[in-house]
DNA sequence: GCACAAAAGTGCAATGAGTCAACTAAACTA
DNA sequence: TAGTTTAGTTGACTCATTGCACTTTTGTGC
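Protein chains in written order, with our numbering: chain A, -16 to 177; chain B, -16 to 177.
Here it is in structure tokens:
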């Protein structure tokens, strides 16, 4: 007989996880990623170091706690696009609407600086995206009736997932994203300098 | 008065480095990357573990010893392309002529298998390429008279450097590369299934 | 309410990568 | 030959990460 939709156990587990993630982010932002050890985080969250690894796969994962189900969203953006809309336009819309909104949120500024200034985290963040290459490629291929490992679909998937890394840190990320989607839509040509 | 173009000291240093790299590759191929410790390699090369780290920045770097001056080659391919040839065609030619030849060399088969079957090494190999994004982007921008951080040039550079990762492990890498360059040249379109 | 299984968390020891500082010895320089 | 680099050594150290045996808490069936 559970008091709430989820049992106390699961709530406590989630609370512990959250406490660890919060402590980690707080310490990372205060001191910098490299100056904080797992031990520090465990102490701050009042758990043992082994508990930290029961909740997170590694040190980098502590930084990217929230980002879940991106893969599902991406695939939905392709599969459930409005009729008549091209795959590329659907992806363009998704990236501009979802992605930009998150990354340019002023409260994220210091978080983004943390990631940008730590090579280890930058690499991890990129892998977080590109890890979904095959899934997104399969979704695109399904929509086109192509093989699930069709090279063109795989390339497009990878190139779209690469966009966050390419737009990061630009003064006008929105314009950069539009430019990149124009390349993917019409091909690359030397930028007009005038 | 040196007996040879370089002094004995430098030759010995190079020999030690080579001995370490050789021992590492031999052990990695024999037992697998994870089953070999730095200690094992140091012992096999008859040096101390600290000496290994004086020559190589980390464990992954032991695998990719040779690959140097790729950056210079890439930039040369763009800057010194035959007159009238577009930047994209020059890159296409370079990728097809140089990379393919290296990557499909039969003697490289077991090496490639080692890299492919070790996530850590796959990630490292990708970063080896994308690390040159800014340099290649600058070269492209120079040729076009654009800003060195022009988004379109940066995107093209990154997308070209991503090609090895996209073509890796395909039955027909050459066709995949052509397909990808077609995307970059003319834009992406749903692959024809017929 | 009680006994028992499952899961959360702890403590501890171990491995393995990578760093650091003080030292030795070979190799260059004058 | 004396003095200076510099490659390499030694050993101790930090830190992430894993495995194992153990305790505590929670959920479950009775």
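Where a beta carbon is used, it is the ideal one built from N, C-alpha and C, also for glycine.
query	result
Residue 135 (chain A) at chain B interface by Cβ criterion, 8 Å	yes
8 Å Cβ cutoff met for residue 174 (chain B) and residue 136 (chain A)	yes
Segments of 4+ residues assigned as alpha helix (DSSP H) that fall wholly inside the segment 46 to 97 of chain B	53 to 62, 70 to 77 and 83 to 86
Start and end residues, alpha helix (DSSP H) containing residue 115 (chain A)	Run containing residue 115 (chain A): none; DSSP gives neither H nor E here.
Beta carbon of residue 162 (chain B) nearer than 8 Å to that of residue 141 (chain B)	no
Pairwise C-alpha distance: residue 59 (chain B) and residue 67 (chain B)	16 Å
Where residue 38 (chain A) falls: helix, strand or coil (DSSP)	helix
Beta carbon proximity, residue 141 (chain B) to chain A, threshold 8 Å	yes
Per-residue contacts from residue 147 (chain A) into chain B (C-beta, under 9 Å)	The premise fails here: residue 147 (chain A) is roughly 12 Å from chain B at the closest Cβ pair, so nothing lies under 9 Å.
Under 9 Å by beta carbon: chain B residues contacting residue 87 (chain A)	Result: empty, since nearest Cβ-Cβ is about 16 Å, beyond 9 Å.
Contacts that residue 4 (chain B) makes with chain A (C-beta to C-beta distance below 9 Å)	Chain A residues near residue 4 (chain B): none, gap ~24 Å exceeds 9 Å.
Pairwise C-alpha distance: residue 25 (chain B) and residue 34 (chain B)	8 Å
Chain B contact for residue 71 (chain A) (CB, 8 Å cutoff)	yes
Closer than 8 Å to chain B by CB, residue 112 (chain A)	no
Contact with chain B by residue 167 (chain A), beta-carbon distance below 8 Å	yes
Where residue 116 (chain B) falls, given that 16 or more other Cβ within 10 Å makes a residue buried	buried
Three-state class that DSSP yields for residue 43 (chain A) in the structure shown	helix
Residue-chain proximity (residue 75 (chain A), chain B), Cβ-Cβ < 8 Å	no
C-beta atoms of residue 104 (chain B) and residue 46 (chain B) nearer than 8 Å	yes
C-alpha distance - residue 110 (chain A) paired with residue 44 (chain A), whole-angstrom precision	12 Å
Residue from A:14, A:48, A:154 and A:-6 with nearest C-alpha to residue 3 (chain A)	A:48
Within-8 Å CB hit, residue 173 (chain B) to chain A	yes
Sequence-distant residues of the same chain with beta carbon closer than 6 Å to residue 39 (chain A), five excluded per side	45
Rounded straight-line distance, which links the Cα of residue 1 (chain A) to that of residue -12 (chain A)	Here residue -12 (chain A) scores only 45 on pLDDT, less than 50, and its place in the model should not be relied on; the value that follows carries that caveat. Using only the alpha carbons, I get a separation of about 19 Å.
Residues near residue 168 (chain B) in its chain [Cβ-Cβ closer than 6 Å; skip 5 each side]	71
Cβ of residue 67 (chain B) within 8 Å of any chain A Cβ	no
Short-range partners of chain B found in the segment 152 to 164 of chain A, where Cβ spacing is below 7 Å	153, 159, 162 and 163
Residue range of the alpha helix (DSSP H) that includes residue 161 (chain B)	156 to 169
Rounded Cβ spacing between residue 11 (chain B) and residue 75 (chain B) (contact assumed at less than 8 Å)	Their Cβ separation, rounded to whole angstroms, is 33 Å, which puts residue 11 (chain B) and residue 75 (chain B) out of contact at 8 Å.
First and last residue of the uninterrupted alpha helix (DSSP H) at residue 176 (chain B)	Careful: residue 176 (chain B) lies outside any alpha helix (DSSP H) and carries neither H nor E.
Opening and closing residue of the alpha helix (DSSP H) in which residue 30 (chain A) lies	It is not in any alpha helix (DSSP H) - residue 30 (chain A) carries neither H nor E in the DSSP assignment.
Contacting positions in the segment 115 to 129 of chain A - beta carbon closer than 7 Å to chain B	127, 128 and 129
Span separating the alpha-carbon of residue 32 (chain A) from that of residue 8 (chain A)	16 Å
Inter-residue spacing [alpha-carbon to alpha-carbon] between residue 143 (chain A) and residue 153 (chain B)	21 Å
Bounding residues of the alpha helix (DSSP H) (the contiguous stretch that carries residue -7 (chain A))	-9 to 14
Listed by chain order, chain B residues near residue 176 (chain A) by CB distance under 8 Å	127, 128 and 129
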